[in-house]
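Here's the structure, in structure tokens; my notes come after.
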Amino acid sequence: MLAGLFLSLASHLLLTFTFVEPYACTVLLGLGYSLVVTTWQPLVTYVIAPNHLGTAFGIAFTINSVCQAVNAYITGYIVDNMGYFVLEVFFIMFTTCKYLHII
Numbered sequence: 001m002l003a004g005l006f007l008s009l010a011s012h013l014l015l016t017f018t019f020v021e022p023y024a025c026t027v028l029l030g031l032g033y034s035l036v037v038t039t040w041q042p043l044v045t046y047v048i049a050p051n052h053l054g055t056a057f058g059i060a061f062t063i064n065s066v067c068q069a070v071n072a073y074i075t076g077y078i079v080d081n082m083g084y085f086v087l088e089v090f091f092i093m094f095t096t097c098k099y100l101h102i103i
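If you're matching positions, the sequence shown starts at 1 in the UniProt record's numbering and goes up one per residue.
Here is the structure:
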């Protein structure tokens, strides 16, 4: 999970502050997000008792879906009112907070 967050953070930093080819940054971002998604889902089984796993997975996936939907609205609002640079700074700050929370 840490590797995925690091790749995501590196991708957003490269997109924001350098002139690196965006395709390379997008590949890094895709790899990072893939690592994060595939590692948080099995972590539910380590935290929850086996007789509550179905409910826990349902709640976890519901929260994930709601957060993705809300993120689309927040992203659109930031782009419409403040621009893409502020959006990338928002993503950098958000990813950094997630990284520090995991450590």
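For each residue, glycine too, the CB sits at the ideal point set by N, CA and C. Treat the numbers as computed from the prediction; the structure is a model and nothing was measured.
DSSP, reduced to helix, strand and coil, places A49 outside both helices and strands of the structure shown, so it counts as coil. With the rule of 3 Cβ pairs closer than 8 Å, the stretch 75-91 counts as touching the stretch 6-16. By alpha-carbon distance to G32, the top candidate from M1, G58 and Q41 is M1.
Put simply, the backbone Cα of A3 is about 15 Å away from that of C97.
Counting only residues of its own chain and dropping the five nearest sequence neighbours on each side, I48 has a CB closer than 6 Å to the CB of A56. The three-state secondary structure of M82, taken from DSSP, is helix.
With a minimum length of 4 residues, the unbroken runs of alpha helix (DSSP H) contained wholly in the stretch 3-54 fall at 22-47.
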